[in-house]
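Protein chains in written order, with my numbering: chain V, 1 to 321; chain Z, 1 to 314.
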């Protein structure tokens, strides 16, 4: 029973605030919305919780000082332009396509098909997709919506980040993009301290809540930011090094798939390939080459080849520390 | 508790009511249930709870009137309530990520979805649809196409496959079940006639794929297999990981992880493939130690390193 009253109360409160042309005082809310407690303390507690619940649902209740009030008093309001969905005018086939996407992609912890309610919900001539197994699964993270929201509103975000190497540090980032790459979600953005574009793995952000600046804190960059590299050995701080790697014929197809499509590849008459691989994370580059075991080798430059030989000599000698 | 429940119910009403308002002839109750993903009992209970709601003093134009008549749902409401609530960031993310993932999976077949995504910019912010990028994993376009065709036609496939766990190339005949991207890798699940069991095959380890004339056999009782297949009988090793390599243990399943005095970690790890561990030891050298090694993988490192080193003569 209590929850049914609450549904009615929350809808009425929303409607009252939407209809009002000016901020509404809290005592007016109490008088006009049925279902609030008589007792002052109990009313205040209920109202605070209703406000929190509505804000959690994305309803942007704002607090504003009332004009000409003496003593100064605040009121509550819902701005229609911030509350209402701007209708995207989806055609039925477009709505159906979104519906299919929601069913074929499993996104852990994400909103479900309720994302389509605002457009009239699921189309009526569907049904077969529901039973189909997902085509793709994406891991979720509670901070992803906040990051996307910060991108949309151009808010700088501040968080503590544990990088691959080194101690956790506080970062200030203008967020530009969310990228799902090699099984993880990354934030791509402009790192204030380094004054450069950096990629941050969302699951290495240590805070549950991100600190966000005011909206409009930076200029949009849009598609000027290049997509993240797909290769693990491109994620280092050092200057990039180019190396030539020879891979035997039987492993050539596998090797081609592991490198970026732009990688220069020379095919030899025996079917083996020479890949020119750029890297700035040496241990990941080593992992790429040694992953082929004795079916690949570094051809050059001489210092990179010598470093690989030295590394292999140490491992062959059973050197463990 | 009512708290986790009230959100979706209020949100549903705030989107349903304006939608109904635009349909003055009413909408069949069953259609509302299907579109808004709600069962009939819940919907009718919520409608009854709302009935005529509004703020005092209940002027005729200020009251929401929602009712069922002849199994159709009607709603009349104030002018202030004409449009649905904007999407939450979580809803916007879900729509954009699912759409971008599907477009990444099947870039040629995205006309309506691409248009929908472009239009959504109006509702969720100009930059938002393009601000999410999804890479589902490495796969050769021809391999993907061939596997899709085999699945569509219900035929067996012959795959030239590299088994990384055994460092072996071989040809398998497979009844394909399903193609999916998990954890940023594309996999084909199917019945492997060599193993006489269900297997997962990584697409980036397929050198080539051919569709056979033979139809794929029926496998009604198949079970889903996971990319990391291990169980209680899989041998465990204990790894000592240097402080700057701590992130490494996040990339594979571990039974147990404990921090060590120097800031590194000690992890108990199931090893389904000796070669997988051997490759890691070769790659990381002294930064990755096997501190308990019942299967003797670490002992293989010197000989393997020497074998690779033999390539570098001259």
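Note that the Cβ used here is the ideal one computed from N, Cα and C, for glycine as well. As the structure is a prediction and not an experimental result, all values here were calculated from the model.
- The continuous alpha helix (DSSP H) containing residue 99 of chain V extends over residues 92 to 104.
- With a threshold of 9 Å between beta carbons, residue 41 of chain V makes no contact with chain Z.
- Nearest Cα to residue 116 of chain V within the set V:294, V:105, V:98: V:98.
- Straight-line spacing of the CA atoms in residue 246 of chain V and residue 297 of chain V works out to 5 Å.
- Between residue 171 of chain V and residue 161 of chain V, the C-beta spacing is below 9 Å.
- C-alpha of residue 193 of chain V to C-alpha of residue 163 of chain V: approximately 14 Å in a straight line.
- Rounded to whole angstroms, the gap between the alpha carbons of residue 182 of chain Z and residue 176 of chain Z is 17 Å.
- When only Cα atoms are considered, residue 13 of chain Z and residue 112 of chain V end up about 16 Å apart.
- Taking a Cβ-Cβ cut-off of 7 Å, residue 277 of chain V has no neighbours in chain Z, whose nearest Cβ is about 15 Å from it.
- Between residue 228 of chain V and chain Z, the shortest Cβ-Cβ separation is below 9 Å.
- Within the same chain, Cβ atoms closer than 8 Å to the Cβ of residue 256 of chain Z are found at 267, 268, the five residues on either side in sequence being excluded.
- The beta carbon of residue 77 of chain V sits closer than 8 Å to those of 17, 20, 22, 23, 24, 61, 62, 64, all from its chain and outside the five residues before and after it, given in chain order.
- Going by C-alpha positions, residue 87 of chain Z is about 23 Å away from residue 42 of chain Z.
- Contact of residue 164 of chain V with chain Z by beta-carbon distance below 8 Å involves 244, 247.
- Contiguous alpha helix (DSSP H) elements confined to the segment 10 to 55 of chain Z occur at 29 to 35, 40 to 50, taking only those with 4 or more residues.
- Any Cβ of chain V closer than 9 Å to the Cβ of residue 116 of chain Z would place that residue at the interface, and such an atom is present.
- Assignment of residue 235 of chain V by DSSP, reduced to helix, strand and coil, places it in the coil class.
- Each residue's CA atom was taken as its position, placing residue 74 of chain Z and residue 108 of chain V some 35 Å apart.
- Ranked by how close their Cα comes to the Cα of residue 136 of chain Z, the residues Z:158, Z:154, Z:102 have Z:102 in first place.
- With fewer than 16 other beta carbons inside 10 angstroms of its own, residue 301 of chain V counts as exposed.
- Close CB contacts of residue 32 of chain Z within its chain, under the 6 Å cut and outside five residues either way in sequence, are with 73 (chain order).
- One finds 148, 151, 152 in chain V with Cβ atoms closer than 8 Å to the Cβ of residue 128 of chain Z, taken in chain order.
- Proximity of chain V to residue 138 of chain Z at the Cβ level (cut-off 8 Å) is accounted for by 230, 257, 258, in chain order.
- Listed by position along chain Z, the residues whose Cβ is nearer than 8 Å to that of residue 83 of chain V are 85, 86.
- By the Cβ-count criterion, residue 79 of chain Z is exposed, with fewer than 16 other Cβ atoms from all chains shown falling within 10 Å of its own Cβ.
- When the alpha-carbon of residue 185 of chain Z is set against those of V:305, V:205, V:257, the nearest one is in V:257.
- A residue is called buried when at least 16 other Cβ atoms come within 10 angstroms of its Cβ; residue 36 of chain V meets this threshold and is buried.
- DSSP places residue 37 of chain V in no beta strand (DSSP E); its state is neither H nor E.
- Taking all protein chains shown into account, residue 216 of chain Z has 16 or more neighbouring C-beta atoms within 10 Å of its C-beta and is therefore buried.
- Counting only Cβ-Cβ distances below 8 Å, residue 102 of chain V has contacts in chain Z at 94, 95, 98, in chain order.
- One alpha carbon belongs to residue 316 of chain V, the other to residue 299 of chain Z, and they sit about 10 Å apart.
- Residue-level contact check: residue 210 of chain V does not touch chain Z, since none of the beta carbons of chain Z fall below 9 Å from its beta carbon.
- Against chain V, a Cβ distance below 9 Å from residue 156 of chain Z picks out nothing, because the smallest value is about 20 Å.
- For residue 205 of chain Z and residue 106 of chain V, the gap between their C-alpha atoms comes out near 24 Å.
- For the pair residue 275 of chain V and residue 181 of chain V, the Cα-to-Cα distance works out to about 22 Å.
- With respect to chain Z, the C-beta atom of residue 183 of chain V has a partner C-beta closer than 9 Å.
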